[in-house]
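What follows is a short report on a single structure.
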Amino acid sequence: MSEKETDEKCLKMADMNKNQELSKASRLSVAPMMDWTDRHCRYFHRLMSRRALLYTEMVTAPALVRGGALHLLDFNPEEHPVALQLGGSEPEELKAATKFCVDHGYDEVNLNVGCPSDRVQSGAFGAVLMKSPDLVADCVAAMQEAAGEVPVTVKCRIGVDDQAPSEVLPDFLSKMQAAGVARITVHARKAWLDGLSPKENRDIPPLDYDLVHAMKREFPDLHLSLNGGIQSLDMVEEELSHMDGVMVGRAAYHQPYDILGQADQRIFGDPRAALSRHEVALAMEDYIGRHLAAGGKLAQVTKHMLGLFAGQPGARRWKRVLSEGAHKDGAGFELVKEALPG
Ligand SMILES: Cc1cc2nc3c(=O)[nH]c(=O)nc-3n(C[C@H](O)[C@H](O)[C@H](O)COP(=O)(O)O)c2cc1C
1 MSEKETDEKC LKMADMNKNQ ELSKASRLSV APMMDWTDRH CRYFHRLMSR RALLYTEMVT
61 APALVRGGAL HLLDFNPEEH PVALQLGGSE PEELKAATKF CVDHGYDEVN LNVGCPSDRV
121 QSGAFGAVLM KSPDLVADCV AAMQEAAGEV PVTVKCRIGV DDQAPSEVLP DFLSKMQAAG
181 VARITVHARK AWLDGLSPKE NRDIPPLDYD LVHAMKREFP DLHLSLNGGI QSLDMVEEEL
241 SHMDGVMVGR AAYHQPYDIL GQADQRIFGD PRAALSRHEV ALAMEDYIGR HLAAGGKLAQ
301 VTKHMLGLFA GQPGARRWKR VLSEGAHKDG AGFELVKEAL PG
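Quick note on numbering: the sequence shown equals residues 1 to 342 in the UniProt record's numbering.
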C-alpha cells in the first residue's frame, strides 16, 4: 500500500471512529430551539454534560447561500459535539449550505422537517415537507454530496394535517433509509399547518410514542431517536430501552440541570464527577468575561441560565436577581454571584 493510500485509510478510520462517537452522543441530545439554543446556551449546557449532542437553532439555507450570513454559523470550540440544523427545500441550495457548515467544523448537519411556523411554511420547508418525502430524499442526497464523511440527519414529525401517521411515517422513513440518512429524530406528534400556532403545535396534537416505538421495530437498522414531551432523565432512560436516542427540548432549557446534570454518568456511563449547580454557575465566569469584553451584554448569556436552580431552594431569587439586573448597563459577573442561592 502506498503512503497516500495509508494516509487515506487512516483518515477514513478516524472519520468512522468520530461517527461512532457521534452516534453514541446522540443517545441524548438537546433539541434545536430558535432563540433558545444559541451559542451561549450551548456553552452553558456543555458545562453540565460533556457527552450529549447539542443542536443549534435552525439556520435557513437561503440565509447562508443567498444572504451570505455566515456569522450565523459561529460557535465556540467547547460546544463539540454540535450539530447544525438547516431549513430549506431546494437541493442545490442545501448542498451549498451544507458545505459552509462542514467547512465551519460542525459534527453533523440536520435537515428540519418538523417546524410548523408560518415563516417556514411560506418558504416550503419544515414540517410541510412531510408531504414530499421524495423531495426530502433529494435534499438529503444533495446534502450528503457536500458533507463527505460528516453525517446528514433529519428531524421530522409523525405526519401533518390529515395525513395518517401509521401510513405516511413508514413510507417517509423507508425513503430516508434508502437515501442513506445517518440518523432520524421523530417528534412524536403531528403538526397542524393550518389553525395552530407553532407553540400550540408543540402541545396540542397528542404524542404517539407507541407509533415511534413500532417504527424502531419495523426499521431495526435505522438509527431512530424520539422527541417530544420528555420531562426527566428517568424518562430518557425508559425511552432508551425502545429507541437509539432521545432528544429533549423544553425540559432541557427550563430545568437544564435535571436533564443534563447527571446525564454523563447515567446515560453515558462516564465515571467523571458531575459539577454541582453552583459550580456550573461559577464556571461561566471566564466565558461571561470574554463576552462582556467583546461588547456583549450579561443578559444575552444569563437568560439561558435562569432555570439552573429550578426546583431548588433559592430558585426564585436567582431568577429574579438575574432577570431584573442583567440587562442594566455595566452588569457583570458579580450579579451572578449575588444571585446564587446561599
Ligand atoms: C422556543 C422553541 C423553538 C424551537 N425551534 C425549533 C427549530 O428551530 N427547529 C426544530 O426542528 N424544532 C424547533 N423546536 C421544536 C423542538 O426542537 C422540539 O421538537 C419540541 O419542543 C418538542 O420537544 P420537547 O417536548 O422536548 O420540548 C422549537 C421549540 C421551542 C420550544
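The beta carbon of each residue, even a glycine, is placed where N, CA and C say it ideally should be.
By the 16-neighbour rule on beta-carbons within 10 angstroms, glycine 87 is buried. Nearest Cα to aspartate 162 within the set Gly67, Arg217, Glu285, Lys190: Lys190. Within 10 angstroms of the beta-carbon of glutamine 85 lie 16 or more other beta-carbons, which makes it buried.
Note on serine 276: under 16 other CB atoms within 10 angstroms of its CB, so exposed under the neighbour-count rule. Alanine 179 has its alpha-carbon roughly 44 angstroms from the corresponding atom of leucine 298.
A distance below 6 angstroms between beta-carbons, with the five flanking residues on each side excluded, links alanine 252 to the following residues of its chain, in chain order: Val30, Ile259.
For alanine 31, the shortest C-beta to heavy atom distance toward ligand 1 is below 7 angstroms. A straight line joining the alpha-carbon of phenylalanine 172 with that of cysteine 156 spans about 9 angstroms. For isoleucine 184, the enclosing beta strand (DSSP E) stretches over residues 184-187. Checking the 7 angstroms criterion, the Cβ of glycine 296 is out of range of every heavy atom belonging to ligand 1.
Runs of the alpha helix (DSSP H) lying entirely within the segment 64-93, each at least 4 residues long, are absent. Methionine 13 is classed as exposed because its beta carbon has fewer than 16 other beta carbons within 10 Å across all chains shown. Contact between histidine 254 and glycine 307 holds: CB atoms are separated by about 5 angstroms, below the 8 angstroms threshold. Nearest neighbour of valine 154 by Cα position, chosen from Val136, Ser2, Val128, turns out to be Val136. Nearest to leucine 340 by C-alpha distance, out of Ile184, Val150, Val321, is Val321. Between the segment 99-111 and the segment 71-86 there are three or more inter-stretch CB-CB distances shorter than 8 angstroms, so the stretches are counted as touching. Between the alpha carbons of alanine 127 and glycine 342 lies a gap of roughly 46 angstroms.
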